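Mind the numbering: the sequence shown is residues 2 to 234 in the working numbering, read in order. Encoded as structure tokens, the structure appears first; notes follow it.
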Amino acid sequence: MTARPAGSLLNYLEQVPDPRGRQGQRYSFAAMLAASICAILSGFPGYTAMAQWIHLQEDSLWHLLGFTRRPPEHDCFRDVLMAVDPQALSEALMLWITEGLGMEIGDEELQAIVIDGKVLRGTRKKHQRTYQALALLDQKTGFALSETPVDPTTNEAKTGLALLKEMVLEGKIIVGDAAYCDQEICKEIVDSGGDYLVLVKDNQPTLHHAAQQSFVVPRSFSPLRQEESLCGA
């Protein structure tokens, strides 16, 4: 077997547990994950696009990624990514970035963390909701600091609150869309020593109205000349 560099992505992906049974291990689990990551970084997101990307590559790259035979089609990529433990994968990638690549995550005085939920296309099954994932992303590197599925019985805000409670928020600013403009979420962030920057929309009508009023320029302060009335007053 050819020796790999110490910082090889495959070395870290091999630490991710393979949930497949013996009959489902025709292709290397680490190779499938590596191909998926490379495809996404190359602008080929989605199961079909991942399969297209790997089949466009030379045989030499297949072997470099850990494949010992011709890579599979999109359905195999779907099965692997639906089965992988997202937390274990996130931890392996974090180690690869910090140890393998020598990058530092969150070393700024004020680290900005983006909280965002995404619906994963192609994951809908009969009589079931589409799979949705929620992630905390380091704004500087784009790396997922933490990730969790959104349970079908709850929503983004409640899942986000639970995820934030597991994080050290002191000295960090949490950035999110209107889904996270929630009193419990904002209180949790502030009580934990962090700060927040969220969008305000109609889901918080009183706050939304107050924000709009803050930007209303009174007529007496308008830089435009007042129009004279028709009666000359």
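In this text, a Cβ means the ideal position worked out from N, Cα and C, and glycines have one as well. As the structure is a computational prediction, the values presented were derived from the model and not from experiment.
DSSP lists no beta-bridge partner residue for valine 151.
Looking at the backbone, the Cα of isoleucine 55 and that of alanine 134 are separated by about 25 angstroms. Beta bridge pairing from DSSP links leucine 138 with Val115 and Ala145. A straight-line Cα-Cα distance of about 50 angstroms links glutamate 189 and arginine 71. Contact between the region 53-68 and the region 26-37 is established, with three or more Cβ pairs separated by less than 8 angstroms.
Classified as exposed, serine 215 has fewer than 16 neighbouring CB atoms from the shown chains inside 10 Å of its CB.
Boundaries of the beta strand (DSSP E) around leucine 198: 196-199. DSSP places valine 169 outside both helix and strand once states are collapsed to three, so it counts as coil. Within a 10 Å sphere around the beta-carbon of serine 61 sit fewer than 16 other beta-carbons, which makes this residue exposed. The region 202-212 makes no contact with the region 140-151; the number of CB pairs closer than 8 angstroms stays below 3. Sequence-distant partners of glycine 22 (beyond 5 residues in either direction) whose C-beta falls short of 8 angstroms from its own C-beta are missing from its chain.
Per DSSP, reduced to three states, the secondary structure at valine 17 is coil, with no helix or strand assignment.
Burial of lysine 173 is indicated by the presence of at least 16 other C-beta atoms within 10 angstroms of its C-beta. Straight-line spacing of the CA atoms in valine 201 and cysteine 187 works out to 12 angstroms. The straight-line gap separating the alpha-carbon atoms of aspartate 196 and isoleucine 175 is approximately 6 angstroms. In the three-state DSSP reduction, glycine 177 falls in the strand class (E or B). Between the alpha carbons of aspartate 117 and aspartate 152 lies a distance of about 15 angstroms. Under a 10 Å Cβ-count criterion, serine 43 is classified as exposed, with fewer than 16 other Cβ atoms of the shown protein chains found around its own Cβ. Rounded to whole angstroms, the gap between the alpha carbons of valine 115 and valine 85 is 23 angstroms. A check of alpha carbon separations from alanine 50 across Gln26, His75, His64 and Ile38 identifies His75 as the nearest.
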